[in-house]
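Colleague:
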Amino acid sequence: MPLSEHEQRLFDQIERSLAEDPKFASAVRNSDPRFHARRRLVVAAFVIVLGLALVVYGTVSSNTPLGVAGFVVMLASAAFAMQSRRKGQAPDLHAVGGTATRRTRQTRKAGFIDRLEDRWRQRPEGHR
Numbered sequence: 056m057p058l059s060e061h062e063q064r065l066f067d068q069i070e071r072s073l074a075e076d077p078k079f080a081s082a083v084r085n086s087d088p089r090f091h092a093r094r095r096l097v098v099a100a101f102v103i104v105l106g107l108a109l110v111v112y113g114t115v116s117s118n119t120p121l122g123v124a125g126f127v128v129m130l131a132s133a134a135f136a137m138q139s140r141r142k143g144q145a146p147d148l149h150a151v152g153g154t155a156t157r158r159t160r161q162t163r164k165a166g167f168i169d170r171l172e173d174r175w176r177q178r179p180e181g182h183r
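Numbering of the sequence shown is given in this note's numbering, commencing with residue 56 and proceeding in unit increments.
Shown next as structure tokens:
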């Protein structure tokens, strides 16, 4: 149902006043899952570099346990980064330009079995 002209003006006025409030903007930014996912990616990248430094230092100093620990740190940080990236790409509620839209799970790529079933349904009738 569309808003009346008066309601639209009030809505625009409220939107402008909220956009100018720095506390509100920081509160919205802090609750955005994409913001947190980006921060986790940066931390994970830093820890990967730190793990690489441990691997190199462990190799140079002939300290095998230190090199293995560095590799484990790199591997765990890479897994954490992948998980954070997935969370940042697919939040349940996605805000764009002041409007909220709910993403559906239907947009995900079909699985292997789903693709096989689709191919089976679309095959020519003469080939059985």
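Note that CB positions come from ideal geometry on N, CA and C, so glycine has one too.
Are the stretch 125 to 137 and the stretch 91 to 107 touching, with three or more C-beta to C-beta distances below 8 Å?
Modeller: With a cut-off of 8 Å, the stretch 91 to 107 and the stretch 125 to 137 count as touching, because enough Cβ pairs lie within range.
Colleague: Excluding the 5 residues flanking GLU180 on each side, which residues of the same chain have their C-beta closer than 8 Å to its C-beta?
Modeller: None.
Colleague: For the alpha helix (DSSP H) containing ARG64, list its first residue and its last residue.
Modeller: Here the alpha helix (DSSP H) through ARG64 covers 60 to 74.
Colleague: Beta carbon of GLY113, beta carbon of LEU121: below 8 Å?
Modeller: Annotated as proximal: GLY113 and LEU121, with beta-carbon spacing under 8 Å.
Colleague: What is the DSSP secondary structure of GLU172, counted as helix, strand or coil?
Modeller: helix
Colleague: For LEU58, is the classification buried or exposed, using 16 other Cβ atoms within 10 angstroms of its Cβ as the cut-off for buried?
Modeller: The residue in question, LEU58, is exposed, as its Cβ has fewer than 16 Cβ neighbours within 10 Å.
Colleague: Assuming GLY106 is part of the alpha helix (DSSP H), what are its boundary residues?
Modeller: 88 to 115
Colleague: Cα separation between GLY153 and ARG140?
Modeller: With a pLDDT of 49 at GLY153, under the threshold of 50, the modelled position of this residue cannot be trusted, and the question is left open.
Colleague: To which residues of the same chain is VAL102 closer than 7 Å at the C-beta, ignoring the five residues directly before and after it?
Modeller: Excluding sequence neighbours, VAL102 sits near VAL128 and SER132.
Colleague: For LEU171 and ARG178, what's the separation of their Cα atoms in angstroms?
Modeller: 11 Å
Colleague: Does DSSP put ARG141 in a helix, a strand or coil?
Modeller: helix
Colleague: Quick check on PRO179: does DSSP put it in helix, strand or coil?
Modeller: coil
Colleague: Decide if VAL110 is buried, meaning its Cβ has at least 16 other Cβ atoms within 10 Å, or exposed.
Modeller: buried
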